[in-house]
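Only one structure is covered here, and it is reproduced in the block below.
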Amino acid sequence: MTAVSEHSGSTAGQSDASPGHVGQGGRQRFDSVRPDTGEVLASFDVHTAEDVAATVSRARAAATWWADLGVAGRRARLDAWRVQLVRRTDELARLIAQENGKPHGDAVVEVTIAIAHLAWAARNAGKVLRRRRVNPGLLAVNHSASVEYLPFGVVGVIGPWNYPVHTPMGSISYALAAGNAVVFKPSEHTPAVADWLVDSFAGIVPEQPVLQLVTGFGPTGAALCEAGVDKLAFTGSAATGRRVMASCAATLTPCVIECGGKDALIVAADADLERAAEQAVWGSMFNGGQTCAGVERVYVEAGVYDDFVERVTRLAAGICTGNQAGAHYGPITMPGQLEVISRHIGEAVRAGARALVGSPDSVRAPYVEPVVLVDVPPEQAALTEETFGPTMVISKVADLDEAVEAANSGRYGLGASVFSRRHGRQLASRLTAGMVSINSVLTYASVPGLPWGGAGDSGFGRIHGPDGLREFARSRAVTVQLFDSPLKVATFSRPDRAMAQLSLLARLRWGRR
Ligand code: NAD
23 MTAVSEHSGS TAGQSDASPG HVGQGGRQRF DSVRPDTGEV LASFDVHTAE DVAATVSRAR
83 AAATWWADLG VAGRRARLDA WRVQLVRRTD ELARLIAQEN GKPHGDAVVE VTIAIAHLAW
143 AARNAGKVLR RRRVNPGLLA VNHSASVEYL PFGVVGVIGP WNYPVHTPMG SISYALAAGN
203 AVVFKPSEHT PAVADWLVDS FAGIVPEQPV LQLVTGFGPT GAALCEAGVD KLAFTGSAAT
263 GRRVMASCAA TLTPCVIECG GKDALIVAAD ADLERAAEQA VWGSMFNGGQ TCAGVERVYV
323 EAGVYDDFVE RVTRLAAGIC TGNQAGAHYG PITMPGQLEV ISRHIGEAVR AGARALVGSP
383 DSVRAPYVEP VVLVDVPPEQ AALTEETFGP TMVISKVADL DEAVEAANSG RYGLGASVFS
443 RRHGRQLASR LTAGMVSINS VLTYASVPGL PWGGAGDSGF GRIHGPDGLR EFARSRAVTV
503 QLFDSPLKVA TFSRPDRAMA QLSLLARLRW GRR
């Protein structure tokens with residue numbers, strides 16, 4: 023990466039992607055820009071389809087070498103990487119804070135959670151992916167049966183910018199632990215963090231390019247989908263997820279798609295209201311609300327609505343943004359998102375909503391101050407589309423049935439939270455979300471053994487946990503004949519009596535309830 027000249031600051035409505043420029047040798051380059059000051063941090067190549075194909079081709083040999091290391095060899099290297107990440111957390115967090123804009127403390131939390139996942143994946147890959155014996159069943163009683171889990175080979179990982187370490191590492195750690203090489207295309211907004219990660223891995227595994235970086239915009243990502251990778255792990259918006267699937271369809275490349283959300287939080291009348299309010303404010307405002315599974319909608323039972331709203335209003339009014347020490351969150355990383363946030367707030371207020379904290383004027387590029395809205399009509403974008411800003415919409419519901427119905431409405435189904443002393447599990451069981459926290463928000467993200475993923479426009483497939491390891495392995499079923507079967511039906515020399523024996527067996531084994 024190369025440091026280049028100063029840049030102007032971000033403004034609402036500005037195009038998101040720096041358009042790129044021609045660097046030395048005629049290559050297209052683009053700048054990584056600090057979202058708070060507009061300063062250029064570094065510049066990177068815009069990799070072409072040919073560059074991406076060459077990178078995937080290099081990854082092929084590396085994949086074989088990495089797979090041949092075996093579980094123990096890979097674990098030793100992943101553990102060494104983990105130790106290095108722990109030692110260099112502060113350095114990485116400082117880079118995240120500069121390039122993404124979040125406070126240093128939030129960046130430390132992000133890196134630490136990513137490290138927990140890396141440790142879990144390395145420790146558990148052997149156990150989760152080892153050959154497993156399977157009961158052969160009646161029809162193959164003369165066989166043994168087992169299933170093996172093999173690496174795909176080369177996995178492409180396409181990531182977003184909002185958690186530039188934790189999010190892509192949720193795929194990278196599990197794909198590497200499962201024995202694959204990885205080609206990583208990070209967001210054009212956070213290439214420097216990705217470069218740091220790949221560089222740190224190469225310091226631990228210098229022998230082969232097991233984890234490689236390609237940089238650029240959408241076309242570079244599309245090229246990765248079409249470059250013949252054996253699996254593609256995408257995290258980003260639902261709109262791009264659809265394009266990624268279309269690109270993967272051309273080569274029948276399997277993919278896991280992790281997209282956005284419009285997560286709901288339900289407050290029951292028996293909830294600990296102070297905790298619910300504190301967690302709702304945190305869940306909707308931390309990282310400036312730029313969290314896929316952040317709280318965007320809150321449904322509160324009528325009996326405690328006024329009390330809850332009063333608590334949220336008090337807490338949210340104390341939240342401050344900026345790049346100064348002590349700020350609770352930083353700028354909106356992607357300039358174009360400011361227009362979306364502004365539109366959601368403005369349209370809601372024009373439709374009759376009341377802003378109890380903030381107002382449409384709270385959007386002051388590159389920052390957005392906290393906004394709490396009530397009385398928002400249900401069809402408003404503030405309640406149906408991903409806002410991705412420090413905004414919270416609180417709605418009053420008559421009872422918990424109405425809360426569940428409202429929470430399950432809409433296109434997304436990523437995460438959800440429920441606050442109740444007695445009904446938490448029961449409410450959680452009725453939600454369509456892929457992940458639910460009871461009496462907290464987003465806790466599932468920090469539990470490596472749990473799967474991560476959603477439904478509907480939030481995507482499909484799972485990263486993290488045993489499901490995440492299996493997502494990056496292909497299964498192979500194996501049977502071994504142990505002795506000759508007296509029941510000869512799978513042969514052209516099938517004797518007549520074999521069919522009668524088969525019918526008798528079926529009647530005896532499956533013909534009764
Ligand atoms: P995005 O969809 O704009 O971009 C994501 C990545 O896709 C980037 O690297 C981008 O360069 C690449 N890309 C763009 N066009 C492409 C194409 N045609 N083919 C292949 N790749 C292409 O998303 P973003 O703005 O970077 O991230 C924010 C979104 O990500 C939000 O919707 C957020 O909710 C979601 N997100 C989801 C999760 C999750 O785990 N479900 C986690 C973090 C963020």
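Counting from 23, one number per residue, gives the positions in the sequence shown under this note's numbering.
Positions of the beta carbon are idealized from the N, C-alpha and C atoms, including for glycine.
On a predicted model such as this, the values are computed, not experimentally measured, just so you know.
#1: How is the beta strand (DSSP E) around R376 delimited, first residue to last?
#2: Using DSSP's beta-bridge definition, name the partner residues of G603.
#3: Between the alpha carbons of D479 and V163, how many angstroms are there, rounded?
#4: Mapping DSSP to helix, strand and coil, what is M356?
#5: Taking just the CA atoms, how far does Y434 sit from A477?
#6: Three or more C-beta pairs under 8 Å: does that hold for the region 215 to 224 against the region 299 to 314?
#7: Starting from M457, follow its DSSP beta bridges and name the residues at the other end.
#8: What is the DSSP secondary structure of H445, reduced to helix, strand or coil?
#9: Classify S468: buried if its beta carbon has 16 or more other beta carbons within 10 angstroms, exposed otherwise.
#10: Since V394 and L360 should fall inside the 8 Å C-beta cutoff, what is the C-beta to C-beta distance between them, to a whole number of angstroms?
#11: Since A129 and A115 should fall inside the 8 Å C-beta cutoff, what is the C-beta to C-beta distance between them, to a whole number of angstroms?
#12: Do three or more CB pairs link the region 245 to 253 to the region 172 to 179 at distances below 8 Å?
#13: If you draw a straight line from the C-alpha of R49 to the C-alpha of A71, how long is it?
#14: Straight-line CA distance for G283 to T242?
#15: When we look at the beta-carbon of G348 and count the other beta-carbons within 10 Å, is it buried (16 or more) or exposed?
#16: Starting from T406 and walking both ways along the alpha helix (DSSP H), at which residues does that stretch end?
#17: Would you call L337 buried or exposed, if buried means 16 or more other Cβ atoms sit within 10 Å of its Cβ?
#18: Where does the unbroken alpha helix (DSSP H) through T134 begin, and where does it stop?
#19: Quick check: K207 and G352, are their CB atoms within less than 8 Å of each other?
#20: With 16 other CB atoms within 10 Å as the buried threshold, where does P400 fall?
#21: Given this structure, state the Cα-to-Cα distance separating F223 from A245, to the nearest angstrom.
#22: Who are the near neighbours of T77 in its chain, counting only those whose CB is closer than 7 Å to its CB and skipping five residues on each side?
#23: Which residues in the same chain have their Cβ closer than 6 Å to the Cβ of P231, if we skip the five residues on either side of it in sequence?
#24: Just how far apart, CA to CA, sit G225 and I135?
#25: DSSP three-state label for Y185, please.
#26: Please state whether the Cβ-Cβ distance between Y92 and W474 is less than 8 Å.
#27: For Q346, does the count of other Cβ atoms within 10 angstroms reach 16, so buried, or fall short, so exposed?
#28: Give the DSSP-derived three-state secondary structure of Q301 in the structure shown.
#29: Taking contact to mean 3 or more Cβ pairs, one atom from each stretch, closer than 8 Å, check whether the region 145 to 165 and the region 445 to 465 are in contact.
#30: Where does L100 fall in DSSP's three states?
#31: Is it a yes or a no for the region 260 to 271 touching the region 287 to 300, going by three-plus beta-carbon pairs under 8 Å?
#32: Would the region 316 to 331 and the region 273 to 289 be scored as touching if the rule is three or more Cβ pairs under 8 Å?
#33: Give a yes or no on whether the C-beta atoms belonging to P470 and H139 are separated by under 8 Å.
#34: Nearest CA to the CA of I137: which residue from G148, E121, D101?
#35: Have a look at F447 and A429 and give me their C-alpha separation to the nearest angstrom.
#36: Helix, strand or coil: which one does DSSP assign to P57?
According to the structure shown:
#1: 376 to 379
#2: Look at the range of the chain in this structure, 23 to 535, and you will see that residue 603 is not part of it.
#3: C-alpha separation (whole angstroms): 44 Å.
#4: Residue state, collapsed to three classes: coil.
#5: 7 Å
#6: no
#7: G437
#8: Residue state, collapsed to three classes: coil.
#9: Label assigned to S468: exposed.
#10: Contact flag wrong, Cβ pair sits at about 18 Å.
#11: 4 Å
#12: yes
#13: 13 Å
#14: So the alpha carbons of these two residues sit roughly 25 Å apart.
#15: exposed
#16: 403 to 406
#17: buried
#18: 126 to 151
#19: For K207 and G352, no; Cβs fall outside 8 Å.
#20: Residue environment for P400: exposed (fewer than 16 other C-beta atoms within 10 angstroms of its C-beta).
#21: 24 Å
#22: Cβ within range, chain order: V205, Q234, V236.
#23: Excluding five sequence positions before and after P231, the CB atoms of its chain that fall closer than 6 Å to its own CB belong to R80, A84, given in chain order.
#24: 22 Å
#25: coil
#26: Note on identity: in this sequence residue 92 is Gly, with Tyr being the wrong assignment. No, the Cβ-Cβ distance between G92 and W474 is not below 8 Å.
#27: exposed
#28: helix
#29: no
#30: helix
#31: no
#32: yes
#33: Yes, the Cβ-Cβ distance between P470 and H139 is below 8 Å.
#34: D101
#35: For the sequence presented, residue 447 should be read as Arg rather than Phe. Whole-angstrom Cα-Cα distance: 15 Å.
#36: P57 sits in coil when the DSSP states are folded into three classes, being neither helix nor strand.
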